Structure formats: C-alpha cells, structure tokens
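Going by my numbering, the first residue of the sequence shown is number 187, and it counts up by one from there.
As structure tokens, the structure follows; a few thoughts come after it.
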Amino acid sequence: MLQGDQTERLGRGDVMRSQHAGGVALAAETVMAKLKEVPDAEIIALRGLGAQGEVLLAAGRGLLIGKEGDNMNEDLQRAEDYQGTVPPEVEAGLETILLQRGGDHGRDLPEIDLRRPLTPHVALLVLLMLPTSYDVIFLLCWKGATEVNKAKSELKSKGEREGSDGERKHMEKISAEEMLQEEQVLFIRCSPAELFYERDEQNPRLMKGTTQLKKLCEQFKVQLGTRVERITGQQSSENSDVSCSLHVERCSHDDGESGHSESESSEEEGELKNDTQASAILELERKQQHPERLHSELWHNEPGEMNDMPVCRCSLKARKTGIRHGFYEGETHVPPCEPFSNNVSRLHHYRITVSPPTNFLVKTPTVINHDGHEFIFEGFSMLSHFPLEKFPVCGIIRFNIRYAIHYVEEKFPENFCAEELNLFSKILFRDILELYDLDLKAAGDEHGCSQFHFLPRFVRELPDHGKEILSMCYVMRYLLEADQDLIPPEEIKNLVDLPDSEWQNFADKVKGMIVTYPGKKPSSVRVDQLDREQENPDALQYPQLIHFGMRPLQLSYAGNPDYQRAWKEYLKFRYLLANRPKPSETDKHKLHDLEMKAQKLRSHSKLKREVTIALSAEGFRRTGIFCDVIQHAMLLPILICHLRFHRSLDSLEQLVSYHFKNRYLLQLALTHPSYKGNYGTNRDHARNSLTNCGIRQLAYGDRMIHFRRKRGINTLIHIMSLFGQDRETDSNVTHYERLEFLGDAVVEFLSTIHLFFMFPGLEEGGLATYRSALVQNKHLAVLAKKLNLEKYLLYGHGSELCHDSELRHALANSYEAVMAALFLDGGLQVADRIFSETLFQGEMDLLEVWNNLPLHPLQEQEPSGDRHWIESIPFLKELLKFEEYTGLEFKHIRLLARAFTDHSIGFNNLTIGSNERLEFLGDTVLQLIVSDFLYKHFPDHHEGHLSLLRSSLVNNKTQAVVCDDIGLTRFARAKLSLNNWKTKSKADLLEALLGAIFVDRGMTHCYTFCKVCFFPRLQEFIVNQDWIDPKSKLQQCCLTLRGLNCEEPDMPLYKVIESKGPTNRRTYRVAVYFRGKRMAEAVNNSIQQAEMDAAKLALKKWRDLFPQLEHQERVLRKLKQKKGK
C-alpha cells in the first residue's frame, strides 16, 4: 500500500503525542456492516487512494478499515501491535469524505466540503464519527498526526464556521484559555543529573554546577561555541560596518522653516528616491557576489543591514534615543549572573506558549532520547531578571494568522546554569539563525547580563498530570553528539549502494533537520530532501541536499518595478471597466492582454518566489535541531520587545502618577501606523532565517481578515455600510489613529470647559481663539515632549519620520491618543488632571488658577438653586412645560432660560446674557459624546470613517431636525417668528441646551440626552448614505468614469446661471455640468445649497450613467439582509 520512496514517515514520538490509544482492528466487512446501521448511508467521495487498497484509521472509535491488498494483513497486525495507534508508515493525507442520509442533503454543505484529490499510494488518517442522529457525518483527514486535536475541535463545532471577525476573535480567545488550562500540570520536576549539579547546603533551591558540568561547558564552547570565529578568523569590515556610500537618507533635524520652495523639495525627494533605488541594486549585487555565498538563491544576514539597504538611516543624534534604536526608558545595568549557578534568587521563571498552535506543531519534532525515554521539544522557558506584571497579551500576525504569545509563571526549574543558557543562545540565535541585530542587553550595557535567558524545554509526560523537563546538561550533550558530518566521507559509497527503502530510512532521519556549514553565508539551512543520484559514474560524488526556499521580496515579482507597473495598470483598467455601463469587446480584449502581461512577468523563472536549491552535502554538519525549535525561537524577539516596551511604560505611568487598568490602551496610544512589530528585530533577518530554517509547509490564514484596504471608494462604501455593535467592542486596528480621533475631542473638551468657566465675561469668539492656541498640533507636540513621548513612541524604522516636522506631528497625534486612553481607562477627571499638569508643568501658581474653576455666574448667585423664582417669573413658569415634556429638571432653571435666549434679545437680569457661550460649550460636549459612542460601537471604522459618521450626527441639519422634534423653538426667546428659524439658528439653540444641561447636571445627563435624540438616527444615516453629501457623491461617481490614460479626470462643474430678488431674499439657480453637458439644475436661497440640490437631481436623473450607484445599493442590501438575520 505504501511503497518505498513514496512513503513519508511519521516520527514515533509524534505519533505517541497524538494519543490514539485503544481501539480494535476490525475487518472491512465488519465496519461496512456498522455503517449500514445508519439509515440510507451513502459514501459521496472516496477517490485517489491507489490500486492496492486503502487504510482508514478511525482515531475516535479505534476502527481500522481496509480492503484486501498485498500488505493489508501486515498493516492490520502492525496496528494491533500498536494497540490502535497510528503505524509510523502511515502518512496522513488531506481529504473530506461525506457520509449522508439520502442524496439531497449535500446541497447544505458548500462551506465544509474541503475534499481534494489524493496522490496514489497515500493512506488516510481519519477521525470517524458515527452518531445516528446526525444528518451528515464528516470524516476529516488531516495532514500530520499532531493535528488530531485541531480535527477534534472541527468535529465538535459540527462544521459551523465563525461568521464574523468578532466571533473569530472570541473563538481564538476561548481556545487560548482552554489551551492554557489543558497545559496546566500538577507537578514539574527535572530529570536527575547529580553528576552535573549539586544543591547548595544553605539554600536548597540553589543549584550549582559541578566540575563535570564545567568540563562539559568548556567542551561545548571549544567544539561549537567558538567554531564560527575560528573558521572566519575575524569579521571583515565589509560585514560588520554599514557602508557610508549606502547611507543616502538621514534624519533631518531642521526646524521646519526652511526657505526652499515646494518644487525644490520635491526635486530633492525625487533624486533621493532614485539614489536609494540605485544603492539598493548595488547592495543586492554585492551580497550575491559574496565570496562565501552558500548559493546564489540563499540570502544571508549582515549586522545592521537589510537585504538591500542599511536598517538604520538616522542621523547620529537620532541614533542615541528611541525604542527603534534599542533605548528603553528605565532600563539599567544588570549585573552578570553567576555562570555556574541557576541564580534562583535573581531570576523569575515563565513558560512561553503560543495559541493557536498552527505552524508550531510539526510532524518530526526535535526529540532527545535519554534514560530510555523520549523527551520532546515543547517550547521555551523564559528566565527574567525582573518579575513580569500582567502585561497585555503579546499579539502578532504571522502567516496571516493572529497569534497570542503567553507567558505563564511556573515552578523554578533546577538543573541548569546561566553559562549553559548563554552558550545555547549564542549557538541558536547568532550562529544558526544569524540574528545579529538582536540584543538582549540594556542599551550601552556591554558588560552587563542579558535581560532574559531562555531554556529549551524537552519534556515527557508523567502519570497523574506530571511533567519531567530534561536537564540542560543533557541538552548540551545531545548537541555535542549530534555535531557530525551530514554525510560522513567514508560512508558515501555505502549510502549510494543502499537499497531504496534503506536509503529512504536514512534520508528521513535528517529530513527537516537544520544543518550548518560554518563560515558560509548563510551558515544554516533546512534539509528538505537528499538526492544520491550520481551524474558522473566514474567519480563518486556527495549526495545533494535539496532545500525549497523563497526569494526575498526585493528580488521576486512583488518587488519588480515592471511587474508592479503591469499589475497596477491591469487593476486600474479592470476597475474602470467595472464602472462602465457596457464595456466593448475591444476593452475586454485589452483587459485580458494586460492580465496576461502581468501573469507572464509573475511566472518568469527569475521572478518566482519559490526556488529549489541543490547543494552538495560536503562540508555540512548536523545540528540535531529540527524546525519546531526554529519556529518557537523566532517568536522570542517579538515577546522580548513587547515586555521591554511595557516595562518602560512603568516610568511613564510614574511620571503621570496614574496606573492603567488596561495597559493595552496606552500601548495603542503610542503605536504609530508605520510600526510593524511582527518580528521584534531586523525584519529581513527574521524573514531570511524563517525561510532558511523554518518549517517548509506552512498553513496560511485569510489575508483579507487581517489586512484590509483603508482607502478606495469600494472600501469606503463597504465600511460605511456597516452598522454599529450593540455593545462596546474592541477594534482590531493596532495603531493610534482611532484613539487620536477620540483624543482630539477630549483635548478640545478639556480646554473648552476650563476656558468657559475661567473667563465668564469672554464671548464665543475670544474663547474660540484661546482654545485654538491650546489644541493646535504645534502646542500639543510641546506637551508631548513634556511627557517624553518620543522615548516611548513605536514607529517604523524608515524615512517616514526622518524630518522633525513629521516627528512633531506624530508626537501631537500620540499625545491626543494618550489623552483618549486616559479618558477611556480612568474617566474625565484623570484625563483632566494629567492634561492640566502637563500644560502647567513646573508652574504651580498657574496650575492652581487653572484647576480652581469658579461656578457659572447664575450658579454663583443662587448656589443652592433658583427654582423658587418660577412662580414669580412667567418665562420660567413656561419652561416647566418643557421640563415635563422632556423629563429634564434643572436645579438652576435660569440656565435653561439662558439657553433659550437668543442674542437678538439683548442683556437682561434674568439670564445675564444670551445663549452664545452655552452654544460654544454645547458644541464641544456633543463632539465628545458622539466621538466616544462611535469609537466604542464601530470597531471596524478607521478615523476617517468615524469622522464622516460624526459629521452626519453633529452637523447643523441633524441638530435642526432634533430641535424640531423636541420643539425647542416654541420656548425660545428671539426676535424671530416660528416660521423664520434657519437651520443654523436651530442647531445653535440645541447646542446651547446641551451646554446648559452639562453646566447644571453634568456629563451623564448629556450622554442620556444624546442616546435618546441622536444615536438612534445613525442607522437611518447609514442606510440612506447621509454621511456623504450629494456633491461629494456625484464627484466620486464621475471619477469612476475616468479614462485609463487621463492625467486629469473629468469633474462635475457648477455654474450660477441665474440670480434674482433683493439681497436679503435673493435666490440662485445653479446648473451642474459633466463633460460639457448639463446634467441638472436647482434653485435655492444659497449657492451652496443650490449646488447640493443640483447634484442630488443629477444622481437621480443620470442613474444609468453611474454603475457605482448600483454597486453601493447592492452592498447596502446585503448588509441589511445580514442585519435582519
């Protein structure tokens, strides 16, 4: 059934981990009889299994199904010997077999049907379910025995998939918690190693290394630790220094007031870009011609260098600060650990786990045989010099899958010493993975100890939920024993002459192993296959090592300018055709030609990402390490950065005297959109190491879930068609722009309330001027520097923030985001205190004036309330009707009277002024409440989308509608009749009411008012697309009709074709033209509103001209149906 070289073995340790215990081997006839117990059972798909028969192993029921074949009896006997576990010879394929009752139920299964044709001679590993109450029975066949748990969870879900990002996130959270729960053990111990470790007499937990351990470490250091240095001698300046000729971009520390014109600046930027591209090409060529290059398609790492340019192009001044340069605030010198001790009094132990386990459980894990037991690699332990608080979970997106890295405090292991961990880390991270830019020490602390140490965990399960960790000395000895030639010279002839089956057994032992060639560039690769074919029969040759690699993006089609141009041209033309009513045949042929052109470039052999590399096995040495160690090791840099960043935030919390309950909010507030933290070190180094040494066959998630376009009309329509969540929901956006949207409203609100109460006699215009000075970006950047935010800001290490003006803008945005985080975590009082202390840092007298706000003048006159005036003043008595109508009751009803007093009335003793100041206050109160609601209930919207929704709620038109709904004009005192109130006047009246509610009752009552009067209108605005005005909508539709080669697209043109009437009642007739043709016209009292009306009529009249409108309605219909379900 499984023949020779076509067999892909499963390691026995891997099989045992699958826990296929129990079960009875049954003949095929017995199993088929069992299947017949299900009424009308029918096998829908069972194909591609080869001519000699197939084996179906049901792990859940322990059933072995098979057809008679040459090796069937042998396979059955082997299965019985394993007591139902999977025979190592059985390779798991990927197939879905559906058993159903009757033939009509198959239509209900489009999403779960994952069946693929199998190659011949491949057996199946199947989880079998036979419940008679189910309409459908799934037989899921998974590649790799270690995926059994995943298959079980799929069966448990009965084929149902997560329907939304929120549900998917919830499922990931549950699975992570369950995984941590399942991994908890009752006790942990280290394997005995009395020969290498001895217990301290005074401190029983302290273990010290014996003379034997010191000898072992010295042997390891000589044989492996210094091998690369001995071979390479000393690093050449070419590999250790960043070439000055390549440093064509530097941070500019100007004051943003340069006298150069924009045209000169753009020319300089263009020249700089050209220089950068030329330097990148030269750098790629230099690396390809490296004398120690292992292969032209294998890429190596160099300190401080990416594949095509220096990793840092900052000025010398900028390199002395910032997290991107390794400077974490609060880090100090760490004294070195005692080398031959476990330093139990100085270190804190944590076990590192990752969820989900996809791409971290491999078919051939690293296994160490010791004392008759198999110890299987499960990950790393982290030993920290400081206790770790409960920081936010470290989340990354890798392979298009969202992973969560957890650290769980665990009992301190005994049998290891610091010297062993340092030697192991040097071998793994520097010699094998070549992560030269990874530094675990505090900046400038060359003689100190690493902030973290890492212990590889090789474990075996013990009865009663116990676990035994292999002592580190045996890991070191295993690595020493594994260090031997991949193909011993004296064994070449014997290996070439081996029978196929024995040769395959030999090759399987090293398949997936990392082998190293010290001194070469790169030094280490993964073995995917071994090929012993001899091209020259007269001369004996080494077998060839086959490695399936990936080209860097810069050298594949993704980085090729010709392909990028062709693909962009194709996408643009396809988009334009989609927005034309009837594309011509010529256009369709042109689209096909453009697609073929791009596909041809993509399929070019020199531009393909996947490459097959054949290397002579001569000179390669085994490491004993397999891909699972590499996969877990490449998670450690990002976890280290995450922990160091959050430790540095302790100093920021001390500075502001506030401890965040949800530290993730502060992390978001300090994360620039350019920051990509998926590797934790030089991203090209990490990618090269993962390609060279990581697992070959990766499982990828859906890219569209985690990486969505932010711009484009289709993206805009889709996002703006989404309804809000019923509950407050966290967003998947991982940078500060959404917080900045909210923080802008927070800062404006805090500035407004202080100015409003501090200057009771200042009119609206003066208040607006002062507020503008406080909230402008230039001033916010100054406040950000007072908090030293530049020391905590996470942003991309590129040219985006090279200029001081850009950095100041980013700091201002980050400061607003920090204020929003404080508002969400601690409330308005906390945000107000920190904003005030930052504003007047070191000026206590001014701070006291700023904080000690007086009451409103009306409140000062009657501190305990003024409702006793109601009976004597008719206007106040009239306002009682408003209170009864709305359910509001004012403590100071004269504030309500002032809110209803228009400036046209003039000064009076009852209200001591008009409602203009209250309108100024109410505007910012409404902005904050609406911003807060949108931030919490629209998690999929970016800041631009949130701004559009906010504008639709707080604009004059919406406020005027609310004003009419609650009849505010009936109670207003103004020299206007009820029929002469304009939209702006109604909006001002509503804002003044909101300001009066805030002064008298506070923010809670204002929020309730908005919850009743504003928020329910959002759904209608979304359905009717009221978030976009007709002029903007018409312009977007016209842009979709632009030609492919048009540099300047045709835009709608508005003309006033007639105006008549006196100046105070003049009307305007406006016409809108497109491509020289009049589309519509409208008449209104203002030119702006007439243009809006004309655009609205044009969209209605010329609907057939704009297919984009049909697309928008289709999107809305789908979302409405989804909302209804």
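The beta-carbon is built from N, C-alpha and C at its ideal position, and this holds for glycine as well.
Quantities reported herein were computed from a predicted structural model and do not represent experimental measurements.
(Q) Would V815 and T552 qualify as a contact pair, given that the criterion is a beta-carbon distance under 8 angstroms? (A) With contacts defined by Cβ atoms closer than 8 angstroms, V815 and T552 form a contacting pair.
Q | Limits of the alpha helix (DSSP H) - the one that E923 falls within | A | First-last of the alpha helix (DSSP H) with E923: 923-944.
Q) Taking C-beta to C-beta, are L979 and H828 nearer than 8 angstroms? A) Against a cut-off of 8 angstroms, the Cβ pair of H828 and L979 comes out as no contact.
Q.
Below 8 angstroms, how does it come out for the stretch 1095-1115 and the stretch 1177-1197: are there three or more Cβ pairs, yes or no?
A. Between the stretch 1095-1115 and the stretch 1177-1197, the count of Cβ pairs shorter than 8 angstroms is three or higher; the stretches touch.
Q. First and last residue of the beta strand (DSSP E) that includes L731?
A. Here the beta strand (DSSP E) through L731 covers 730-736.
Q. What number of angstroms, rounded off, separates the C-alpha of K1170 from the C-alpha of S843?
A. So the alpha carbons of these two residues sit roughly 43 angstroms apart.
Q: Determine the DSSP secondary structure at R1136, reduced to helix, strand or coil.
A: If DSSP states are grouped into helix, strand and coil, R1136 belongs with the helices.
Q) So what's S875 in DSSP terms, helix, strand or just coil? A) DSSP, reduced to helix, strand and coil, places S875 within a helical segment of the structure shown.
Q. Can you round the beta-carbon distance between F1207 and A885 to whole angstroms, since I take them to be within the 8 angstroms contact cut?
A. Rounded, the Cβ-Cβ distance is 41 angstroms, inconsistent with contact.
**Q.** DSSP state of A379 mapped onto helix, strand, coil
**A.** The answer is coil: DSSP assigns A379 none of H, G, I, E or B.
Q. Considering only C-alpha positions, which residue in the set P674, F1157, R616 is nearest to Y1071?
A. The shortest Cα separation from Y1071 among P674, F1157, R616 belongs to F1157.
Q) By Cβ distance below 6 angstroms, which residues in the same chain neighbour A590 in space, the five residues on each side in sequence not counted? A) Result list for A590: A362, S541, V579, G581, in chain order.
Q | the stretch 590-606 touching the stretch 547-564, judged by at least three CB pairs closer than 8 angstroms | A | Contact between the stretch 590-606 and the stretch 547-564 is absent, because fewer than three Cβ pairs lie under 8 angstroms.
Q.
Measuring straight from C-alpha to C-alpha, what distance separates N529 and P642?
A. Rounded to whole angstroms, N529 to P642 spans 17 angstroms at the Cα level.
Q | Beta-bridge pairing of M699 - partner residues as DSSP gives them | A | M699 is bridged by DSSP to F812.
Q: Kindly indicate the opening and closing residues of the beta strand (DSSP E) around K1246.
A: Going by DSSP, K1246 is part of the beta strand (DSSP E) stretching over 1239-1246.
Q: Measure the Cβ-Cβ separation of V1116 and M1005 and say whether it is below 8 angstroms.
A: The answer is no: Cβ separation not under 8 angstroms.
Q: Whole angstroms is fine: what's the gap from E488's alpha carbon to C403's?
A: Each residue's Cα considered, the two are about 28 angstroms apart.
Q: Please state whether DSSP places C500 in a helix, a strand or coil.
A: Residue state, collapsed to three classes: coil.
Q: Please report how far the alpha carbon of V414 lies from the alpha carbon of D669, in whole angstroms.
A: Each residue's Cα considered, the two are about 14 angstroms apart.
Q.
DSSP has P642 in a bridge; who is on the other side?
A. F566, per the DSSP bridge assignment.
Q: Give the range of the alpha helix (DSSP H) segment to which Q840 is assigned.
A: For Q840, the enclosing alpha helix (DSSP H) begins and ends at 822-842.
**Q.** Sequence-distant residues of the same chain with beta carbon closer than 7 angstroms to R1300, five excluded per side
**A.** Annotation for R1300: no residue places its beta carbon closer than 7 angstroms to its own, counting only its chain and skipping 5 residues before and after.
Q. Using the C-alpha atoms, what's the distance from H921 back to T1097?
A. Taking the straight line joining both Cα atoms gives about 47 angstroms.
Q.
Going by the DSSP bridge assignment, what does H535 pair with across the sheet?
A. Paired residues: L569.
Q.
Q1145 and A1178 - do their beta-carbons sit closer together than 8 angstroms?
A. Between A1178 and Q1145, the C-beta spacing is not below 8 angstroms.
**Q.** Collapsed DSSP secondary structure at G887 in the structure displayed
**A.** Correct three-state label for G887: coil.
Q. Under 8 angstroms, do F1009 and A1017 count as touching if we go by C-beta distance?
A. Cβ atoms of F1009 and A1017: closer than 8 angstroms.
(Q) On a Cα-Cα basis, can you pick out the residue from Y622, S937, M736 that is closest to L1114? (A) Ranking Y622, S937, M736 by Cα distance to L1114 puts S937 first.
(Q) If you follow the beta strand (DSSP E) that K1263 is in, where does it begin and where does it stop? (A) Membership of K1263 in the beta strand (DSSP E) is indicated by the continuous run 1263-1270.
Q) Among N874, V661, P1248, Y956, which one has its Cα closest to the Cα of Q740? A) Ranking N874, V661, P1248, Y956 by Cα distance to Q740 puts N874 first.
Q | Nearest-angstrom Cα separation, counted from M944 out to M495 | A | Answer to the nearest angstrom: the Cα atoms are 55 angstroms apart.
Q: Would you mind sorting Q1298 into buried or exposed? The rule is 16 or more other CB atoms within 10 Å of its CB.
A: When all chains shown are included, Q1298 counts as buried.
Q | Distance CB(P525)-CB(C635) smaller than 8 angstroms | A | One thing to note: P525 has its Cβ no nearer than 8 angstroms to the Cβ of C635.
Q: Can you tell me which of the three DSSP states L221 falls into?
A: Confidence at L221 is low in this model, with a pLDDT of 41, below 50, so the placement of that residue should be treated as unreliable; the coordinate-derived value is given next. The answer is helix: DSSP assigns L221 an H, G or I state.
Q. In terms of residue numbering, what span does the alpha helix (DSSP H) encompassing I905 cover?
A. Here the alpha helix (DSSP H) through I905 covers 899-906.
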